[in-house]
Structure formats: C-alpha cells, structure tokens
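Numbers given in this note's numbering equal positions in the sequence shown, counted from 1, plus 119. By construction, the Cβ of each residue, glycine as well, lies at the ideal position given by its N, Cα and C atoms. Owing to the predicted nature of the structure, the values given are computational and were not obtained by experimental measurement.
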Amino acid sequence: MSRRRQIYEGKAKILYEGPEPGTLIQYFKDDATAFNAQKKGTINGKGVINNRISEYVFTRLSHIGIPTHFIRRLNMREQLVRQVEIIPIEVVIRNVAAGSISKRLGIPEGEPLPHTLIEYYYKDDALGDPMVAEEHIACFGWASNEEMQDISSMAIRVNDFMVGMFAAINIRLVDFKLEFGRIWDGDYSRVILADEISPDGCRLWDMITGEKLDKDRFRRDLGGEEEAYQEVARRLGLLENDGGPSEVFDLTKHRKLRGK
Numbered sequence: 120m121s122r123r124r125q126i127y128e129g130k131a132k133i134l135y136e137g138p139e140p141g142t143l144i145q146y147f148k149d150d151a152t153a154f155n156a157q158k159k160g161t162i163n164g165k166g167v168i169n170n171r172i173s174e175y176v177f178t179r180l181s182h183i184g185i186p187t188h189f190i191r192r193l194n195m196r197e198q199l200v201r202q203v204e205i206i207p208i209e210v211v212i213r214n215v216a217a218g219s220i221s222k223r224l225g226i227p228e229g230e231p232l233p234h235t236l237i238e239y240y241y242k243d244d245a246l247g248d249p250m251v252a253e254e255h256i257a258c259f260g261w262a263s264n265e266e267m268q269d270i271s272s273m274a275i276r277v278n279d280f281m282v283g284m285f286a287a288i289n290i291r292l293v294d295f296k297l298e299f300g301r302i303w304d305g306d307y308s309r310v311i312l313a314d315e316i317s318p319d320g321c322r323l324w325d326m327i328t329g330e331k332l333d334k335d336r337f338r339r340d341l342g343g344e345e346e347a348y349q350e351v352a353r354r355l356g357l358l359e360n361d362g363g364p365s366e367v368f369d370l371t372k373h374r375k376l377r378g379k
C-alpha cells in the first residue's frame, strides 16, 4: 500500500491528498493548543469527538443551503472534503461577551451583546492572528467585496441556525470561529464553508449551570476537557448515554461516575 501524501499539518488537523482530484482527507488529532500554540497538550479522544460533531453540524448546515467542503466521514478520525483555497481570514461570530472581547473592551464575561457581532482576524500564527477591519481585507486583496458579502451573509445564517440547534439541547452558543475557502471552476470561484465546527472553535456553556463545554476548559486549566467534549456529542445524539448526566452537566459527578 502506498503511503498517503501529506499536504498540510495544523495545530488540530492533518490534510492528506484525497482519492480523487479536488479532494483531501482531513484527519483530526487529539493535540490541543491555546494562545497561538504557546500552550500545548492533549485531550484524549478529542479528534474522534470533533470529527463526529463537525460531520453532524456541516451536514445540518448543508440542509439549509450552506455550501461546505464536507463530503463524508470516512472513519473515526477522518473526513473526505473538497480541496479549497483557504481565505486567510478567521471569522468570529459573537453573541455573548467572552474571551478577548471582554479583555479588550472591559465587558463582563457572560454579558449578552446588544446584537450579534462579526469580527475578522488575519490568519498568521507568527503575528498572533491580529484583528483586522474589512478595509484591511479589501486593501490587501485577501477577499473581494463580493466574497465578503457572501461570507458575512453565511456567517449570520450559520449563527442563527446553530444558536437554535444548541439551545434545543440546553447549550448557549457564546461565540465561534468559521473559516471559508474558494472552489474554482475555470476562471470562476465561489466561497464555501471549510475547516471544522466543534468545541475547539466554539464557546459552549450549559444554559442551567454555566459550565463551559469547550476548549476554555483546557485554556483555563479547569480540567474535565474529555467529559465536556463528550457531553456536547452526547446531547447532539452522537454518543450513547453511559449513565452520566445529560441534561445538566456536573463535572464532579461525571468524573466520579467514570472512576476519575
């Protein structure tokens, strides 16, 4: 069997050459990083859980007309995806103040924003992914005005859908990150949703207890990362309930049930 050709390795995923032209295999790792990779670690089973959650969310989004790079899940850690030209902009959608916006503007964490806010960050680890304005994006040609209109429109639609999807399982969607890419047909290109959607790139809080069910548990040394990721998957119906709590997430009780 010939060895697969690796195309790219990031902090959380590896991309391999796909079986057909225009496709890639996206492999989800257990590696966890924070603060632009200044903090590194491992969350056991994270790759498996993120693969399932991202598959579920991208499939649901395709049903409401959001074009994505996702084709199908191949196994526990891999997906077949369309190869895209990644637009070097991270799109952050915020519904509630948390993380960097609380630090920058002094807004108490947990305070609902007056309306949904979209922020843009230039994808460059060496620069710390600096926040940029739409004027910067246009000035440096990272995306056209038409592409940015498509991106902002899709971001709002994705947010509206995901807020409702998570609220139905008693999870508050605080904020999340999206990435987009171009697919080409001759000289014509269109923008589609790429990368992943998982607890790695979303802030997800239990609506009743306020417990964090996302990578902030790793960033802030709160512990219980594995259980938090599993809880999100369980509430979405992607894992069988092992007898642990499902409606209200109690980390201490859950760890005791799992013998930890």
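{"Query": "For A245, three-class secondary structure by DSSP", "Result": "helix"}
{"Query": "When Q145, Q125, R122 are compared against K132, the one with the closest alpha-carbon", "Result": "Q145"}
{"Query": "Stretch-stretch touch, CB-based, cutoff 8 Å, three pairs: the segment 265-284 with the segment 221-231", "Result": "no"}
{"Query": "Neighbourhood of I126 by C-beta distance below 8 Å, restricted to the same chain and skipping five residues each side", "Result": "L134, Y135, E136, L143"}
{"Query": "Cβ distance (whole Å) where A313 is taken to contact G300 below 8 Å", "Result": "4 Å"}
{"Query": "I275, enclosing alpha helix (DSSP H) - first and last residue", "Result": "264-286"}
{"Query": "Beta-ladder partner(s) of V200, from DSSP", "Result": "L143, F189"}
{"Query": "Residue span of the beta strand (DSSP E) that contains F299, given as start and end", "Result": "290-304"}
{"Query": "T152 in three-state terms, based on DSSP", "Result": "strand"}
{"Query": "G166 in three-state terms, based on DSSP", "Result": "helix"}
{"Query": "For Q349, the three-state DSSP class (helix, strand or coil)", "Result": "helix"}
{"Query": "Span of the alpha helix (DSSP H), counted from its first residue to its last, around I256", "Result": "253-258"}
{"Query": "G378, DSSP secondary structure in three states", "Result": "Any answer about G378 is weak, because its pLDDT of 47 lies below 50 and its placement is not dependable; what the coordinates show is given next. Coil at G378, not helix or strand."}
{"Query": "Cβ shell of G141 (< 7 Å), same chain only, five flanking positions each side left out", "Result": "R201, Q202"}
{"Query": "Inter-residue spacing [alpha-carbon to alpha-carbon] between R124 and P138", "Result": "11 Å"}
{"Query": "F285, buried or exposed, once every other Cβ within 10 Å from all chains shown has been counted against 16", "Result": "buried"}
{"Query": "Sequence-distant residues of the same chain with beta carbon closer than 8 Å to I190, five excluded per side", "Result": "T142, Q198, L199, V200, R201"}
{"Query": "Which listed residue (R291, W303, I311) has its alpha carbon closest to that of L297", "Result": "I311"}
{"Query": "For V211: DSSP bridge partner residues", "Result": "E238, K296"}
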